[in-house]
């Protein structure tokens, strides 16, 4: 049974218009329940104010939606790093290829490892004054945005010691992980309304497409006026993109909204263990060793959540088939279709523009039919396009070059439609996972899931790239050659076409395992609101019990904090 506390606390709500104070009853956490039941044997049930629910149910202003989109626009900095860092280091800074490769690889590893730490910290920022003043996500951005810019810029300043470049690269990736952790968690953080979440996911995709198109066009112009054979051109471009990226992130900082401080967002309260003591501000102080165990445990324990495991099937399938396609696309065009590299650039530009229109459609359709069905729609279309690509590859030698190019670009448009749908559906589905986690833990842990999402992506994409390289080498691929042996060409065509199809089928299969549709989501939120308001767990309806158990993979009695998902020492 869950009870509420009768006392009230002054809380400050994290919103972009400034902080406003309000007095509201505190909900019952695990520790709060124990204290309440000891001091009040009857466990008085005090209903919580509905301010928090109203905040996340209301329609988001477009300022907040566009503020969220600035995160993707800021990736012009990241694109500059990914595209030109190795070339700049080896050509103008005199760093060897091997050292540069190690430097870049270590940076990405650091981002993968540090991501869950950022998620853990950001979920618990309401335990201190800074978090309550600015919000638990925006308080992370206060440090991450300026640090990200400083260490990014250091990478482009010539004649620095190598150790400085190593340190700057590590710290850049470390703080970049903090920014992406905040970004991935915000759709669930900002609203519980499925339509609003679909719009947030959509504007994020559109902003990414606009940023990519802008970067491609502007780079051509800047190289024309500044040249491309001197370090100053790359430094000036990096500085320009750094200023632009940081500026839009600051706009995002001022525009995004967060959940208010409440019992459900006070995640640190669930960390209390047998040897933890309460601090002066009501926070929980835990020793370093215990805290480290908690970070690792929170990373691993999310895999207990059944719906999250099902979501990972969608997410990894989507990421893996897109990685295969992206890695092999240039080889497929040049060596299989026998087209020139300019065709790749033209197709990429056309697809980016077409993708913006596709996002608008899937923003609407995904909100209407749900993530799993939208995933199937996009996935099935992608499968047929890959089959058509294979047919084109097998008949390429009998088709005029111009016709091959037109067919490839046309098929690419259809493929981009399907891929846009799959990505949109996956991101939309992800926004519901923290709601499932809340019914398990009684806490909001968007940061934890955002960080783990990013870490798993880094691990699998790196492994997949290595496997693709090994497979290509095994087929007899000749580096630097103008053409490839027939068996290699056939292998490329098969890898490009059938591997993504197989992976996509796996993703579609996982959509049938997902249980969280729009109707079930409303029922889940209703149960969460009931428990937030002090409702007793034994009063649950049979329908709700069945739903919760199918989503969580654990008995209903073990939900709402009666488990060790957050605190490994808690026995339930």
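Residue numbers (this note's numbering): 38 to 609. C-beta atoms are modelled at their ideal positions from N, C-alpha and C, and glycine is treated no differently. Computed from a predicted model, the values in this text were never measured in an experiment.
Practice task
Put residue 405 into one of helix, strand or coil per three-state DSSP.
Solution key: In the displayed model, residue 405 falls within a helix according to three-state DSSP.
Handout entry: Runs of beta strand (DSSP E) lying entirely within the stretch 210-246, each at least 3 residues, in chain order
Key = With a minimum length of 3 residues, no continuous beta strand (DSSP E) run stays inside the stretch 210-246.
Handout entry: residue 233 versus residue 345: straight-line alpha-carbon distance, rounded
Key = Residue 233 and residue 345 have their C-alpha atoms spaced approximately 21 Å apart.
Problem - Between the CA atoms of residue 104 and residue 391 - distance to the nearest angstrom - result: Answer to the nearest angstrom: the Cα atoms are 23 Å apart.
Problem - The alpha helix (DSSP H) enclosing residue 351, as first and last residue numbers - result: From DSSP, the alpha helix (DSSP H) with residue 351 extends over 343-368.
Handout entry: Between the CA atoms of residue 168 and residue 149 - distance to the nearest angstrom
Key = Rounded to the nearest angstrom, the two C-alpha atoms are 24 Å apart.
Practice task
Whole angstroms is fine: what's the gap from residue 236's alpha carbon to residue 274's?
Solution key: Cα-Cα distance, rounded: 32 Å.
Exercise for the section: To the nearest angstrom, report how far apart residue 256 and residue 508 are at their CA atoms. Expected result: If I take the Cα positions, the gap works out to 34 Å.
Exercise for the section: Determine the closest residue to residue 140 out of 156, 203, 596, 159, with distance taken between C-alpha atoms. Expected result: Selected option, being the one with the closest Cα: 203.
Handout entry: Buried versus exposed, by CB contacts within 10 Å (16 or more), residue 261
Key = Exposed: under 16 other Cβ atoms inside 10 Å.
Practice task
State the DSSP-derived secondary structure class of residue 607, mapped to helix, strand or coil.
Solution key: Three-state result, residue 607: coil.
Handout entry: Three-way DSSP call (helix, strand, coil) for residue 431 in this model
Key = It is helical.
Problem - Simplified DSSP state of residue 544, which is helix, strand or coil - result: Looking at residue 544 - three-state DSSP - the assignment turns out to be helix.
Practice task
Please name the residue in 151, 384, 564, 513 whose C-alpha comes closest to that of residue 488.
Solution key: When the alpha-carbon of residue 488 is set against those of 151, 384, 564, 513, the nearest one is in 151.
Practice task
Can you tell me the Cβ-Cβ gap for residue 430 and residue 530, rounded? I've got them flagged as a contact below 8 Å.
Solution key: With a Cβ gap of about 4 Å, residue 430 and residue 530 count as contacting.
Exercise for the section: Report the rounded CA-to-CA distance for residue 318 versus residue 189, giving the unit in angstroms. Expected result: Summary for residue 318: the model assigns pLDDT 39, below 50, so the residue's position carries little reliability; its value from the coordinates is reported in the next sentence. Spanning the two alpha carbons is a distance of roughly 36 Å.
Exercise for the section: Using three-state DSSP, classify residue 417 as helix, strand or coil. Expected result: Residue state, collapsed to three classes: helix.
Problem - Alpha carbon of residue 394 to alpha carbon of residue 239, nearest angstrom - result: Distance between the alpha carbons of residue 394 and residue 239 is about 10 Å.
Exercise for the section: Taking all protein chains shown into account, decide if residue 592 is buried (16 or more other Cβ within 10 angstroms of its Cβ) or exposed. Expected result: In summary, residue 592 is exposed, with fewer than 16 beta-carbon neighbours lying within 10 Å of its beta-carbon over all protein chains present.
Problem - CB contact flag (residue 540, residue 417, <9 Å) - result: No.
Exercise for the section: Keeping to the same chain, check which residues put their C-beta closer than 7 Å to that of residue 339; ignore five residues upstream and five downstream. Expected result: Closer than 7 Å at Cβ, skipping near neighbours: 345, 485, 486, 489.
Handout entry: Rounded straight-line distance, which links the Cα of residue 492 to that of residue 330
Key = Approximately 18 Å, taken between the alpha carbons.
Problem - Selection from 432, 420, 348, 412 that minimises the alpha carbon distance to residue 375 - result: Closest in C-alpha terms to residue 375, from the list 432, 420, 348, 412, comes 432.
Exercise for the section: Measure how close the beta-carbons of residue 303 and residue 163 come, nearest whole angstrom, since I'm counting them as under 8 Å. Expected result: In this structure residue 303 is in contact with residue 163, their Cβ atoms being roughly 6 Å apart against a cut-off of 8 Å.
Practice task
Just tell me which of 335, 194, 308, 277 has its CA closest to the CA of residue 324.
Solution key: If we check each option's Cα against that of residue 324, 308 comes out closest.
Exercise for the section: Please classify residue 526: is it buried, with 16 or more other beta-carbons within 10 angstroms of its beta-carbon, or exposed? Expected result: Here residue 526 is buried: its Cβ has 16 or more other Cβ atoms, across all protein chains shown, within 10 Å.
Practice task
Flag this pair as touching only if the stretch 556-568 and the stretch 471-479 have three or more C-beta atom pairs under 8 Å; answer yes or no.
Solution key: Two segments are said to touch when three or more pairs of C-beta atoms, one from each, lie closer than 8 Å; by this definition the stretch 556-568 touches the stretch 471-479.
Handout entry: Reduced DSSP category for residue 452 - H, G, I as helix; E, B as strand; rest coil
Key = Residue 452: helix per DSSP, three-state reduction.
Practice task
Following the continuous alpha helix (DSSP H) through residue 297, name the residue where it begins and the one where it ends.
Solution key: Premise fails: residue 297 is in no alpha helix (DSSP H) and is neither H nor E.
Problem - DSSP state of residue 496 mapped onto helix, strand, coil - result: The three-state reading of DSSP puts residue 496 in helix, counting H, G and I together.
Handout entry: Terminal residues of the alpha helix (DSSP H) in which residue 579 lies
Key = Boundaries of the alpha helix (DSSP H) harbouring residue 579: 579-589, taken from the DSSP string.
Handout entry: Identity of the residue in 559, 604, 481, 561 nearest residue 615 by Cα
Key = There is no way to answer for residue 615, as the model of the chain reaches only from 38 to 609.
Handout entry: Host alpha helix (DSSP H) of residue 160 (start-end)
Key = From DSSP, the alpha helix (DSSP H) with residue 160 extends over 134-160.
Practice task
Look up residue 261 in the DSSP assignment and say whether it is helix, strand or coil.
Solution key: Helix.
Problem - Backbone secondary structure at residue 531 - three-state DSSP - result: Residue 531 falls in the helix class under three-state DSSP.
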